[in-house]
Amino acid sequence: MPLINYHMSIDLKTVKHISKLSRISIDDQKAKKLEKDLNAIFKWIEQLNQLNTDKVEPLTSIAETTLRFRKDQIESKNIREDILKNSPKDNKDYFVVPKVVE
Amino acid sequence: MTNLIDLTLSDLVKKIKSKEISSKEITSVYIERSNKSKKLNTYVEQTFDEAIKNSEKFDNNPNFNKKLSGIPLAVKDLFCTKNVKTTAGSKILENFVPTYEATVTQNLWNEGAILLGKLNCDEFAMGSSNETSYFGNVISPIDDNLVPGGSSGGSASALAAKLTPATIGTDTGGSIRQPASFTGTVGLKPTYGSCSRYGIVAFASSLDQAGPMTRDVKDCALMLEVISSFDPKDSTSINFKRPNYFSDLNKNIKGKKIGIPKEYRVDGMPTEIENLWEKGKTYLKDCGAEIIDISLPHTNYALPAYYIVAPAEASSNLARYDGVKYGFRADGENLIDMYEKTRSLGFGDEVKRRIMIGTYVLSSGYYDAYYLKAQKVRKLIKNDFDKVFNKVDAILTPSTPSSAFKIGDKTNDPVSMYLNDIFTVPVNLAGLPGISIPAGLDKNNYPLGLQIIGKPFDEQVILDIAFSMEEKINFKLKTNDWWIK
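As you go down the protein sequences, you meet chains H and L in turn.
If you want the numbering used here, it's the 1-based position in the first sequence plus 1.
If you want the numbering used here, it's the 1-based position in the second sequence plus 44.
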């Protein structure tokens with residue numbers, strides 16, 4: 002048997018947990034399909050474990066420069082209308098959402 | 045006289061400037077042809093009436109001192125265009141009309157170009173075949189039922205079918221170079237930080253770059269010169285002196301050292317691609333370049349690392365689609381229910397899959413095993429390139445491990461779809477510039493491309509190499525307009 006560095010598989014319960022975290026509702030049929038897909042993908046991803054990276058610094062950004070400073074001033078003014086323009090529920094003053102506080 | 049439609053972008057600019065043709069004339073030609081080419085499903089949004097008006101406006105008061113004076117252009121629907129619907133190929137943005145303009149498209153309009161419309165793409169640029177778009181598959185003009193590649197599939201198809209003289213796409217893991225390769229066109233992914241990401245619908249922010257897709261290398265240099273700029277609105281935009289890629293373009297590559305990475309000779313690669321690669325080496329030698337065998341030992345790990353990094357960033361970037369401020373909203377019993385239904389109905393399967401991969405690898409207890417691991421592997425991949433670039437000026441590889449495939453061939457096997465980007469993904473992970481140029485045909489007469497990878501900010505070097513090779517290769521794209529008849 003070849004050595005497979007496959008330390009865990011993703012079960013249906015985990016798929017449902019991830020979907021909850023992702024704020025994407027899925028039905029049982031979709032969850033089963035995702036279980037299969039995700040396991041295939043992660044099995045393939047696990048080949049990274051063949052590499053010893055103990056002494057490697059993670060690469061967080063390719064542009065290894067420090068972020069620029071800018072003046073703390075408002076550049077966009079009077080854009081309330083612009084911001085609300087694509088709101089899915091009509092209201093000229095606010096974003097409307099389902100009731101949050103009982 | 046050649047057909048107007050057959051003129052390259054740079055020739056078209058010349059003809060407009062010498063007043064041989066008007067902007068309205070050429071705009072009308074492209075609109076007429078686009079209207080006859082609906083079968084390819086390249087456009088998501090057409091702005092033809094507005095384009096005609098703008099071309100008239102140009103002709104009435106022409107400014108010939110611009111780089112793209114009066115040129116009609118369609119662009120990938122991932123660029124926010126002010127007052128023009130921008131969908132990113134997703135239902136969740138089906139009715140989204142930006143109130144601002146992406147910097148790269150603004151650069152096009154500032155140089156006199158005119159918007160023709162928005163081109164189909166994989167949903168949120170996640171795909172390699174343009175099969176994940178909410179607005180349907182794009183057909184390649186190369187053959188019926190053939191994918192144009194992705195994610196900039198609509199751009200590649202429209203360009204190869206001559207529905208636009210040139211276009212721009214975005215490339216996160218190969219989304220410009222792979223479709224360019226599949227459609228016999230030229231596509232360049234610039235160095236990370238050269239082209240502003242402001243106003244581009246975000247996929248994976250540490251990898252995304254906009255870039256030109258064109259009929260030849262000259263046009264590619266011209267488009268890059270226009271879109272590349274420093275932009276304070278993008279925190280990772282880099283302020284460097286940008287060359288005049290177009291006017292500086294030349295075929296003198298004598299003495300340039302070109303690396304051939306042995307790891308790119310993968311199992312199962314068709315002999316045609318192997319042969320093209322060999323031919324490419326010969327052409328380069330003929331141009332006076334020196335060929336050097338090199339090794340990029342971590343190449344095989346690039347794709348799995350990418351499929352942690354990119355979904356992780358995507359899951360974070362796509363958290364903004366919650367049905368509250370813009371985009372599609374599904375009704376729900378309460379706020380959480382509204383979020384969950386909106387995202388479930390608004391996103392397609394591939395996008396959901398990637399959000400879930402990303403959420404998983406970033407979740408508590410798995411972060412170190414996956415995300416941190418992938419970032420470390422990314423470092424090893426970058427180190428590989430840094431090391432070889434001490435010895436060589438550029439690297440020559442195939443663009444893709446195969447030619448274009450049929451619609452539906454790979455949709456049920458995500459991993460086999462992901463493997464398409466095996467030669468392009470390492471370039472994004474290392475933030476390097478890469479260009480794909482058409483190099484020949486396979487046994488089905490489907491185009492194949494070669495990729496030239498450069499050092500950071502060495503776009504001019506890879507353009508010059510591509511320019512020299514293009515002349516030797518002498519590739520002519522033939523499509524016989526089968527979709528119009």
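Every residue, glycine too, gets a C-beta built ideally from N, C-alpha and C.
Of the residues the options, the one placed nearest residue i, counting alpha carbons only
i: V148/L; options: D263/L, E69/L, P256/L; result: P256/L
i: H342/L; options: N104/L, G180/L, F429/L, Q504/L; result: F429/L
i: I25/H; options: P223/L, N288/L, R398/L, S195/L; result: R398/L
i: G161/L; options: I506/L, P287/L, N127/L; result: N127/L
i: F511/L; options: N283/L, A265/L, A374/L; result: A265/L
i: S134/L; options: F372/L, K295/L, V191/L; result: F372/L
i: D393/L; options: V73/L, K120/L, E167/L; result: E167/L
i: K306/L; options: I158/L, I439/L, S54/L; result: I439/L
i: G367/L; options: A346/L, A354/L, L389/L; result: L389/L
i: V98/H; options: F519/L, S480/L, D381/L, T280/L; result: D381/L
i: S339/L; options: I451/L, D375/L, K431/L, A418/L; result: K431/L
i: K80/L; options: K206/L, G228/L, K487/L; result: K206/L
i: I271/L; options: T214/L, D121/L, T52/L, N488/L; result: T214/L
i: G171/L; options: I220/L, K101/L, A418/L, T523/L; result: I220/L
i: I481/L; options: P445/L, Q222/L, D465/L; result: Q222/L
i: L521/L; options: G409/L, A224/L, L48/L; result: A224/L
Local Cβ density within 10 Å of residue i, reported as buried at 16 or more and exposed below that
i: E76/L; result: exposed
i: L4/H; result: Its pLDDT being 39, under 50, L4/H is placed unreliably in this model, and the coordinates cannot settle the point.
i: K82/L; result: exposed
i: W526/L; result: exposed
i: N164/L; result: buried
i: L105/L; result: According to the sequence displayed, residue 105/L carries Asn and not Leu. By the neighbour-count rule (16 or more Cβ atoms within 10 Å), N105/L is not buried but exposed.
i: D29/H; result: exposed
i: T468/L; result: buried
i: Q51/H; result: exposed
i: G156/L; result: buried
i: F247/L; result: buried
i: F433/L; result: buried
i: T326/L; result: exposed
i: H8/H; result: In this prediction, H8/H has a pLDDT of 49, which is less than 50 and means its spatial position is unreliable; what the coordinates show is noted afterwards. Exposed, because fewer than 16 other Cβ atoms sit within 10 Å of the Cβ of H8/H.
i: F226/L; result: buried
i: V353/L; result: buried
i: G180/L; result: exposed
i: F284/L; result: exposed
i: T61/H; result: exposed
i: D93/L; result: exposed
i: L68/H; result: exposed
Beta-carbon contacts of residue i that lie in its chain and below 7 Å, excluding the five residues immediately before and after
i: Y242/L; result: A146, T147, D275, K277, D278
i: S66/L; result: D103
i: P500/L; result: T235, G475, L476
i: L84/L; result: V182, I183, P185, S201, A205, W527
i: K385/L; result: A374, G376
i: K100/H; result: none
Contacts around residue i, its chain only, beta-carbon distance under 6 Å, and the 5 residues preceding and following it disregarded
i: K454/L; result: S460, M461
i: V471/L; result: G478, I497
i: K129/L; result: E89, V141
i: K298/L; result: G332
i: T531/L; result: Nothing can be reported for residue 531/L: it is not among the residues displayed for chain L, which extend from 45 to 529.
Backbone secondary structure at residue i - three-state DSSP
i: D292/L; result: coil
i: S199/L; result: helix
i: I158/L; result: strand
i: V436/L; result: coil
i: A246/L; result: coil
i: F274/L; result: coil
i: E515/L; result: helix
i: V230/L; result: strand
i: P458/L; result: helix
i: G498/L; result: strand
i: V88/L; result: strand
i: I317/L; result: helix
i: I14/L; result: With chain L represented from 45 up to 529, any question about residue 14/L goes unanswered, as that position is not in the structure.
i: G390/L; result: helix
i: L530/L; result: Residue 530/L cannot be examined here, being either before or after the span of chain L that is shown, 45 to 529.
beta-carbon residue i near the ligand SAM non-hydrogen atom, thresh 6 Å
i: I244/L; result: Here there are no bound small molecules, and the ligand SAM is not part of this structure.
Contacting residues, own chain, Cβ-Cβ under 8 Å from residue i (five flanking each side not counted)
i: V57/L; result: K111, L112, S113, I115, L266
i: L293/L; result: V261, K262, A265, Q504, L507, D508, F511
i: T403/L; result: S359
i: T125/L; result: V119, P142, E145, A146, T149, L159, K162
Problem set entry | Short-range partners of chain H found in the region 488 to 507 of chain L, where Cβ spacing is below 8 Å | none
Exercise. The region 45 to 63 of chain H: which residues have C-beta closer than 7 Å to a C-beta of chain L, in chain order?
Worked result: W45, I46, Q48, L49, L52, T54, V57, E58, P59, L60, T61, S62, I63
For this session: Check distances from the C-beta atoms of the region 275 to 296 of chain L to those of chain H and list, in chain order, the residues that come in under 8 Å.
Result: P276, S279, T280, I282
Exercise. Which residues, in order along the region 80 to 93 of chain H, keep a beta-carbon less than 8 Å from a beta-carbon of chain L?
Worked result: I80, D83, I84, K86, N87, S88, P89, K90
Exercise. Between the region 130 to 148 of chain L and chain H, which residues of the former have CB atoms less than 7 Å from a CB of the latter, in chain order?
Worked result: F140, V141, T143
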